[in-house]
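So the structure is just underneath, and the comments pick up after that.
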Amino acid sequence: GEIHRLKLSFEEISAKRDADQSEISRLREEIARLHERENESLKKKSMQMDYVRTYIMEISEQLRSASHKENQFYSTAPGVAEDLQKWQDEYFSIMTNPKPLKDLADAVGVDAGVGEYSTFLSKSLGQNTTDRSF
2 GEIHRLKLSF EEISAKRDAD QSEISRLREE IARLHERENE SLKKKSMQMD
52 YVRTYIMEIS EQLRSASHKE NQFYSTAPGV AEDLQKWQDE YFSIMTNPKP
102 LKDLADAVGV DAGVGEYSTF LSKSLGQNTT DRSF
């Protein structure tokens, strides 16, 4: 009687321990999956940021080139200094206005601060923008 009861009790405890062990293993696997998913998400976010930086550098270079060609054209044509000044003002406004950059960042799903892009852009253009409070 007593031995049989102890044996049953031991079997119950063993079964419970095995169930606990399998639950622990399941939780460990779940944690590993979550870590992996988080790492993938971080990698994707980093790739998106690289894409945005590359895109901004390409646009900056195109605008710089266009500005140079425009300057060459207007500097040889008579009576267009006013138009040139207006174009340069618009160009500077585009370069220092964070809204298009924010839209671009939103479009590719980058949630980092737009200030980083504006700072990056102004450095790549050699401009000194002081207002970064957006």
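So for the sequence shown, the numbering used here puts the first residue at 2; every next one is plus one. All C-beta atoms, glycine included, are put in the ideal place defined by N, C-alpha and C. Nothing here was measured: the structure is a model prediction, and the numbers come from that model.
- Contact annotation: the segment 35–43 does not touch the segment 60–70, with fewer than three C-beta pairs closer than 8 Å.
- Here DSSP, grouped into helix, strand and coil, assigns asparagine 98 to coil.
- Put simply, the backbone Cα of lysine 46 is about 29 Å away from that of serine 94.
- In this model, glutamine 22 and glutamate 31 are separated by some 14 Å (Cα to Cα).
- The straight-line gap separating the alpha-carbon atoms of tyrosine 52 and asparagine 72 is approximately 30 Å.
- With 16 or more other CB atoms across the displayed protein chains lying within 10 angstroms of its CB, isoleucine 57 is buried.
- In this structure, the CA atom of asparagine 98 is about 12 Å from the CA atom of aspartate 90.
- The Cβ-Cβ distance between serine 68 and tyrosine 92 falls below 8 Å.
- Excluding five sequence positions before and after glycine 2, none of the CB atoms of its chain fall closer than 7 Å to its own CB.
- Rounded to the nearest whole angstrom, the CA to CA distance from lysine 17 to arginine 6 is 17 Å.
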